[in-house]
Amino acid sequence: MRIVLNASPQQTAIFLSRTIPDTVTIYRKGIDTLPDQADAWFDLCFETEGAAFPEITTAPVFVNAVLTTTDALADNYIRINAWNDFLERAVLEVVPPKNKMPFEQILATLGWNYQIVPDVPGMIAARVIAMIINEAYFAWGDEVSTKQDIDTAMKLGTNYPHGPFEWCDIIGVQPIYHLLQVLAKEDDRYTPAPALTAEALSKTNTP
886 MRIVLNASPQ QTAIFLSRTI PDTVTIYRKG IDTLPDQADA WFDLCFETEG AAFPEITTAP
946 VFVNAVLTTT DALADNYIRI NAWNDFLERA VLEVVPPKNK MPFEQILATL GWNYQIVPDV
1006 PGMIAARVIA MIINEAYFAW GDEVSTKQDI DTAMKLGTNY PHGPFEWCDI IGVQPIYHLL
1066 QVLAKEDDRY TPAPALTAEA LSKTNTP
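Just so we're aligned, residue 886 is where the sequence shown starts under my numbering, counting upward by one.
As structure tokens, then:
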């Protein structure tokens, strides 16, 4: 099986760190000579750079599209969550393509476990984590406690692997902010905290 991968160096390292069977060959866009045809295409930079393989219409294209739902994607695009800290998880969140193109065998050959999730912004895990992070920023902005203390309390109280601010540092404050903006259009509960908004905008304006 041949797979073409478009990803950042960090994403590439995580992708390749997963057990890749000997029967699978990975071609990295911008590094390797790409084949004319492949069994699947993975575009992990889709959300930040746009479509890397717009010419591919007859093969499954897995795109890192946490915010964008399938109604705005090409018919053969399969939504996955490849944000930092999600790509390396044991179970990959997947939204099937509009054209019902089979994709299950690709993931089975890779040996990846996956879960079909609702076709909504944030899917499941990112929505939950974004809200946890947002509530933490409300508390920090109101000077309830320090970031470190909030992280410690969250990990001790819930047994989560990371505190909300640690998660935000891993994922990036801007992806969280943009997801909350999208979710807030449907539910005011997701309105970004002022402190989170200020932090996200300050990073946007940093040269």
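Every residue gets a Cβ at the ideal spot worked out from N, C-alpha and C, and that includes glycine. These numbers were taken from a predicted model, which means no experiment stands behind them.
message: Residues in the same chain with beta-carbon distance under 8 Å from residue 1069, minus the five sequence neighbours each way, listed in chain order, please.
response: Within the sequence shown, numbered from 1, the residue matching residue 1069 stands at position 184. Short of 8 Å from the beta carbon of residue 1069, and not among the five residues preceding or following it, lie these beta carbons of its own chain, in chain order: 1075, 1076, 1077.
task: Could you please give the first and the last residue of the uninterrupted beta strand (DSSP E) stretch that includes residue 926?
output: For the purposes of this step, residue 926 is taken as the residue at position 41 of the sequence shown. Taken as a continuous stretch (DSSP letters only), the beta strand (DSSP E) holding residue 926 covers 925-928.
- request: With a floor of 4 residues, list each alpha helix (DSSP H) that falls wholly inside the stretch 971-1033, ordered by position along the chain.
  value: If we require 4 residues or more, the alpha helix (DSSP H) runs fully inside the stretch 971-1033 come out as 989-995, 1010-1026.
Residue of 892, 976, 964 minimising C-alpha distance to residue 993: One-based indexing of the sequence shown puts residue 993 at position 108. Comparing Cα positions, the closest option is 976.
message: Tell me the residue span of the beta strand (DSSP E) that contains residue 1138.
response: The chain is shown from 886 up to 1092; residue 1138 falls before or after that span and cannot be answered.
Backbone CA spacing between residue 1049 and residue 1035 [nearest angstrom]: Here residue 1049 refers to the residue found at position 164 of the sequence shown. Here residue 1035 refers to the residue found at position 150 of the sequence shown. Each residue's Cα considered, the two are about 8 Å apart.
Among 939, 1025, 973, 936, the one whose alpha carbon lies nearest that of residue 904: Along the sequence shown, read from residue 1 onward, the residue named residue 904 stands at position 19. Considering only alpha carbons, the answer is 973.
- request: Count the other C-beta atoms from every protein chain shown that fall within 10 angstroms of the C-beta of residue 982, then say buried if there are 16 or more, exposed otherwise.
  value: Your numbering for residue 982 matches position 97 in the sequence shown. By the 10 Å Cβ count, residue 982 comes out buried.
field: Exposed unless 16 or more other CB atoms sit within 10 angstroms - verdict on residue 1007
entry: For the purposes of this step, residue 1007 is taken as the residue at position 122 of the sequence shown. Buried, because 16 or more other Cβ atoms sit within 10 Å of the Cβ of residue 1007.
message: Our contact map puts residue 952 next to residue 1064 with C-beta atoms below 8 Å; I'd like the distance itself, whole angstroms only.
response: Translated into positions along the sequence shown, residue 952 becomes position 67. Translated into positions along the sequence shown, residue 1064 becomes position 179. Contact flag correct, Cβ pair sits at about 6 Å.
- request: Determine the direct distance from the alpha carbon of residue 1033 to that of residue 936, and round the result to whole angstroms.
  value: Translated into the one-based positions of the sequence shown, residue 936 becomes position 51. Translated into the one-based positions of the sequence shown, residue 1033 becomes position 148. CA-CA distance, residue 936 to residue 1033, rounds to 38 Å.
message: Assuming contact is defined by CB atoms lying nearer than 8 Å, are residue 910 and residue 887 in contact in what I supplied?
response: Here residue 910 is taken as the residue at index 25 of the sequence shown, counted from 1. Here residue 887 is taken as the residue at index 2 of the sequence shown, counted from 1. With a cutoff of 8 Å on beta-carbon distance, residue 910 and residue 887 are scored as near each other.
Test item: CB-CB of residue 912 and residue 901 under 8 Å: In the sequence shown, residue 912 corresponds to position 27, counting from 1. In the sequence shown, residue 901 corresponds to position 16, counting from 1. Not closer than 8 Å, so no.
message: In the DSSP output, which residue or residues are listed as bridge partners for residue 913?
response: Counting from one through the sequence shown, the residue named residue 913 turns up at place 28. Beta-bridge annotation (DSSP): residue 913 is paired with 890.
message: With a threshold of 7 Å on Cβ separation, who are the neighbours of residue 991 within its own chain once the five nearest residues in sequence on each side are excluded?
response: Start at 1 with the first residue of the sequence shown, and residue 991 comes out as number 106. Within its own chain, the residues whose Cβ lies closer than 7 Å to the Cβ of residue 991, once the five positions on either side in sequence are excluded, are 924, 925, 945, listed in chain order.
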